[in-house]
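Have a look at the structure below before the remarks.
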Amino acid sequence: MLIPAARPAVLILDLLMALYFIVWSVSQIAMGLFAVAHVRLHQLRNTRRARALVVRMTSPPLVSVVAPAYNEQLTIEESVRAMLALDYESSEIVIVNDGSTDDTLAVLTAAFRLVPAPLAFAQPLRAAPVRGAYRSMSEPALLVIDKENGRSKADAVNAGINAASGALVLVIDADTILERDALSRAVLPFLEDSTTVAVGGTIGIANGCRIQAGRMTDISLPKSWLARFQIVEYMRGFLLFRLACASGNAVVLISGAFGLFRRDVMIAVGGYDPTAIGEDMDVTVRIQRYCRELRRPFRITFDPNPLAWTQAPEDWRSLEGQRCRWRRGLHQVLWRHRGMIANPRFGLVGLAVLPHVAFIEGMGPLFEMMGYAVVTAAAVFGVVDWRSWGVLMAIAVLCGTAVTFVAVLMSDVVTRKYMRRGDLALLIAVVILENCGYRQLNAWWGLVGTFQSLTGKGGWGVMKRKAFEGT
Amino acid sequence: MMSGLADLDRLLQLMLWISVAMAVLAMCATVVERSAFALLAARRHRIEHHYEPVIRRALAGDDGAERVLAVTPPTRRLIVASMLITPLIDDRDPQRIARTRSIVERMLLVPLAERYLQSWRWWRRALALRVLGLLQIREQTPALIAALDDADADVRAAALDALTDIRDPAALQSIVVRLHDSSLQPARRLAALTACGQDIERFLLELACVDRVNRLNYARALRLCGSERARAALSEWVQDPRPEVQAASFEALAHVGLDETSAALAIDGLNSDVPMVRAMAAHALHGWTTSGDAAVRLAEHLDDVWIVAVRAAHSLQTMGPQGLATLQQHASRTDLPGVLARQMLWEITALC
Chain A
13 MLIPAARPAV LILDLLMALY FIVWSVSQIA MGLFAVAHVR LHQLRNTRRA RALVVRMTSP
73 PLVSVVAPAY NEQLTIEESV RAMLALDYES SEIVIVNDGS TDDTLAVLTA AFRLVPAPLA
133 FAQPLRAAPV RGAYRSMSEP ALLVIDKENG RSKADAVNAG INAASGALVL VIDADTILER
193 DALSRAVLPF LEDSTTVAVG GTIGIANGCR IQAGRMTDIS LPKSWLARFQ IVEYMRGFLL
253 FRLACASGNA VVLISGAFGL FRRDVMIAVG GYDPTAIGED MDVTVRIQRY CRELRRPFRI
313 TFDPNPLAWT QAPEDWRSLE GQRCRWRRGL HQVLWRHRGM IANPRFGLVG LAVLPHVAFI
373 EGMGPLFEMM GYAVVTAAAV FGVVDWRSWG VLMAIAVLCG TAVTFVAVLM SDVVTRKYMR
433 RGDLALLIAV VILENCGYRQ LNAWWGLVGT FQSLTGKGGW GVMKRKAFEG T
Chain B
651 MMSGLADLDR LLQLMLWISV AMAVLAMCAT VVERSAFALL AARRHRIEHH YEPVIRRALA
711 GDDGAERVLA VTPPTRRLIV ASMLITPLID DRDPQRIART RSIVERMLLV PLAERYLQSW
771 RWWRRALALR VLGLLQIREQ TPALIAALDD ADADVRAAAL DALTDIRDPA ALQSIVVRLH
831 DSSLQPARRL AALTACGQDI ERFLLELACV DRVNRLNYAR ALRLCGSERA RAALSEWVQD
891 PRPEVQAASF EALAHVGLDE TSAALAIDGL NSDVPMVRAM AAHALHGWTT SGDAAVRLAE
951 HLDDVWIVAV RAAHSLQTMG PQGLATLQQH ASRTDLPGVL ARQMLWEITA LC
């Protein structure tokens, strides 16, 4: 009796779920169109001659590359060599050893002949006490700040920004491998438009690539399926949503792995917040808020080219920790800046981007997992037949596949990264398989992260690092 | 009831087909785009492989090779032109530019660039301007100057790039006149000025005499291309009532160097109420060792706000024995100025 009565309700839920997937994929594909327009314009503007402006300038702005390092002994030397090999001469490298318990400082000392040196700097941003400063006898542009552990990346970055002398600060992770022309590409928008306050860049996944002397020498798809799934996932994240936001000056996330900021603006917004879980999104939204409240022209832009490479977790535990943390960070940012959501005062950010983030990114996993659970239970108990269940699952997989293919297409247009013989077949397999389990698992982690946000549980998590290949 | 459920079911089926269509279309688009790119890349590679030795010989002065390039089929002409012209972005050797120009002229690419200048597509106009600039085709300088008034900002930027590359003395005046044109990108404006070198200084100084309102821009320009000739004017501008003009003038004086009069003005500038003016006055005293009390006066500013203290410390670092002694006096302090003094002393011994 109960079963026939519940059938219409479950079918309607089934339909709503299917509608959600279609609306989600259509909105992502529409973002792809905005992203294509942004990329095309970027390619027409950023010609080699246009970029030569940066290299030819007699007094380009000094850029301080700030990299916080906590227990990075395996990758730190390679990363610093990549920073020193940048084609932008007017730069200083500020490595912040955030109370590492491994040999990070010793590795740096041996590799770059570090010696203790007096260093004076004002401290406009709050950070844990600095224990000492080190200068390199072989690389004059390298500066290492040794500080007590501040229990957050934000604290270490703030210490680095305090010590930075540049008008622009590039914030990266210590294990980020920079493209040689990353800085000259990222600095260009600041030179071309004085209202530019921040520039983000696409991050590539370094797993499976060969790195020599701090340079990416060979780009290829990794052997691990988990890393391969993350590659297409990054393509989706960076090349659809963020580029679409960039086309409307509405970027709300500049990745912590690569972000170039005006130092005075960073100080004006109070730097990174040590209590923020997603400190990179938090600071980007605060910059948006600050600039929009001032009602002065400003620009936050995004370079579609991969400017930096980072290691993706290759074990399930690290990945789970990372994804739950990202989710908690997202909820925290949305809650802190809830006044901006649907607020016309904040333009496109308030009216479109943050509502999208809140309802599609924030609530999506909740809705998706609930739908899977209810429809599966209904099929098990015979409320609906397995065919209806299969149709819904097929819609979920096909919509995800369509969006991911659009992201791969975008990646091809922008970067031509994985163009070897056999890469296309492998990418097709990765795209399909990613949507048959991995994406659903991500939604589950999203749900766990949401639960952790509500209960106030969960930590930073530990990512297993390994040395870059070819080093 | 049953028909309602059947409708829902049919709707679900429809959604399934929509999803299938989206997935298949997206996959096909990816495969087709990749295949098309691979074919085009292979074609380009073949053309490059074929023409690379010919271009090398033509640039070395081989007339036969130049004749081969001159009769390049139209379908290959743009790729060959790109192979010839792109290296000129980094290699500004006048001989190479002249050889390339001669080859490009024989390939009848200049009329094509002229046609592109009239195109309704902004990127074609920008491309044509950049090519004309890189090849230093000075007959086109008036067209380049005219493009500074183009409706599109990217074309105006390309025109500035082209004027930077063409280095035509006939364009000097136009570049100086545009110094205050806010529709042009400041960095590119300054790059064009710098490319003209010190030839432009005379124009700047003449214009600045009659145009007091825009002194700030002139001072900023002289910071890049000024010489001793500009010192007198800059010494006058540091007394301008506008603090931003004072600061920019002191910064330019740091570039051109001081004499007794301007040094005295810089020392006076240390008393300004505006921190940026004090900072730039301290910066202007960089390396000044002639008059006695500069080091003492700078030392007083080690306790000033941070931007002034840093500039003062850096200037003291360059002041020889006087600066060294002053820094040593402060090095024993335990506060921030003490650390700053120790940092400067450490840099003198360890890095220099």
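Protein sequence lines, in the order shown, are assigned to chains A and B.
Converting from the first sequence to this note's numbering requires adding 12 to each position, the first position being numbered 1.
Converting from the second sequence to this note's numbering requires adding 650 to each position, the first position being numbered 1.
Virtual Cβ for every residue (Gly too), placed ideally from N, Cα, C.
Item: Can you find a CB in chain B that lies within less than 8 Å of the CB of Asp26 of chain A?; Value: yes
Item: Can you look up Lys429 of chain A in the DSSP assignment and give me helix, strand or coil?; Value: coil
Item: Note down the Cα distance separating Thr483 of chain A from Trp321 of chain A, rounded to an integer number of angstroms.; Value: Low per-residue confidence applies at Thr483 of chain A: pLDDT is 42, beneath 50, and the placement is therefore not dependable enough to give any value.
Item: Could you please tell me which residues of the stretch 755 to 781 of chain B, in chain order, have their CB closer than 7 Å to any CB of chain A?; Value: Trp773 and Arg780
Item: Taking the beta strand (DSSP E) that Pro73 of chain A falls in, what are its first and last residues?; Value: Neither: Pro73 of chain A is in no beta strand (DSSP E) and is coded neither H nor E.
Item: Using a Cβ cut-off of 7 Å, pull out every chain B residue sitting near Ile407 of chain A, in sequence order please.; Value: Met665, Leu666 and Ser669
Item: I'd like to know if the stretch 49 to 68 of chain A and the stretch 179 to 197 of chain A are in contact, where contact means that at least 3 CB-CB pairs between them fall below 8 Å.; Value: yes
Item: Can you name the residues of chain A whose CB is closer than 8 Å to the CB of Ile739 of chain B?; Value: Arg60, Arg61 and Ala64
Item: Using only the alpha-carbon positions, how far apart do Glu373 of chain A and Val297 of chain A sit?; Value: 16 Å
Item: Would you identify the three-state DSSP class for Ser965 of chain B, choosing helix, strand or coil?; Value: helix
Item: Measure the C-alpha to C-alpha separation of Asp285 of chain A and Gln323 of chain A and round it to an integer number of angstroms.; Value: 24 Å
Item: Just checking: is the beta-carbon of Ala487 of chain A within a distance shorter than 8 Å of some beta-carbon in chain B?; Value: Limits of chain A in this structure are 13 at one end and 483 at the other, which puts residue 487 of chain A out of reach.
Item: Counting only beta-carbon separations shorter than 8 Å, does Asp743 of chain B have a partner in chain A?; Value: no
Item: Mind listing the chain B neighbours of Cys411 of chain A? Cutoff is C-beta to C-beta under 8 Å, in chain order.; Value: Ser669, Met672 and Ala673
Item: Please list, in chain order, the residues of the stretch 986 to 997 of chain B that have any C-beta partner in chain A closer than 7 Å.; Value: Leu986, Val989, Leu990, Arg992, Gln993 and Trp996
Item: Note down the Cα distance separating Val460 of chain A from Phe371 of chain A, rounded to an integer number of angstroms.; Value: 17 Å
Item: Looking at the strands, I want to know which residues DSSP matches up with Ser148 of chain A.; Value: A:Leu126
Item: For Met228 of chain A, which three-state DSSP category applies?; Value: strand
Item: Just to make sure I have the definition right: I need the residues of chain B whose C-beta is within less than 8 Å of the C-beta of Thr388 of chain A. Which are they?; Value: The contacting residues do not exist; Thr388 of chain A stays about 16 Å from chain B at best.
Item: Measuring only the C-alpha atoms, how far is Met13 of chain A from Asp657 of chain B?; Value: Its pLDDT being 49, under 50, Met13 of chain A is placed unreliably in this model, and the value from its coordinates should be taken loosely. C-alpha separation (whole angstroms): 22 Å.
Item: Of the choices B:His699, B:Ala793, B:Ala914 and B:Leu822, whose alpha-carbon is the least far from that of Met733 of chain B?; Value: B:His699
Item: For Leu709 of chain B versus Arg684 of chain B, is the C-beta spacing smaller than 8 Å?; Value: no
Item: Below 7 Å CB to CB, which residues in the same chain sit around Ile816 of chain B once its five sequence neighbours on both sides are set aside?; Value: Gly783, Gln786, Arg788, Thr791 and Leu794
Item: Jot down the residue ranges of each uninterrupted alpha helix (DSSP H) in the stretch 665 to 730 of chain B, minimum 4 residues, whole runs only, in chain order.; Value: 713 to 720
Item: Helix, strand or coil: which one does DSSP assign to Phe250 of chain A?; Value: helix
Item: Beta carbon of Phe202 of chain A, beta carbon of Leu180 of chain A: below 8 Å?; Value: yes
Item: May I ask which residues mark the beginning and end of the alpha helix (DSSP H) holding Asp315 of chain A?; Value: Per DSSP, Asp315 of chain A belongs to no alpha helix (DSSP H); it is in the beta strand (DSSP E), Arg311 to Thr322.
Item: Val420 of chain A touches chain B at which residues, Cβ-Cβ below 7 Å?; Value: Thr680
Item: Reducing DSSP to helix, strand and coil, say where Thr87 of chain A ends up.; Value: coil
Item: Counting Cβ pairs closer than 8 Å, one from the stretch 213 to 228 of chain A and one from the stretch 107 to 115 of chain A, do we hit at least three?; Value: no
Item: Against chain B, does Val403 of chain A count as a neighbour if the rule is that its beta carbon must be under 8 Å from one of theirs?; Value: yes
Item: Under DSSP, the alpha helix (DSSP H) around Phe379 of chain A begins and ends at which residues?; Value: Gly376 to Val392
Item: Within 10 Å of its beta-carbon, does Gly654 of chain B have 16 or more other beta-carbons around it, so buried, or fewer, so exposed?; Value: exposed
Item: Anything in the stretch 203 to 234 of chain A with a Cβ closer than 9 Å to a Cβ of chain B? List those residues in chain order, please.; Value: Leu203, Glu204, Asp205 and Ser206
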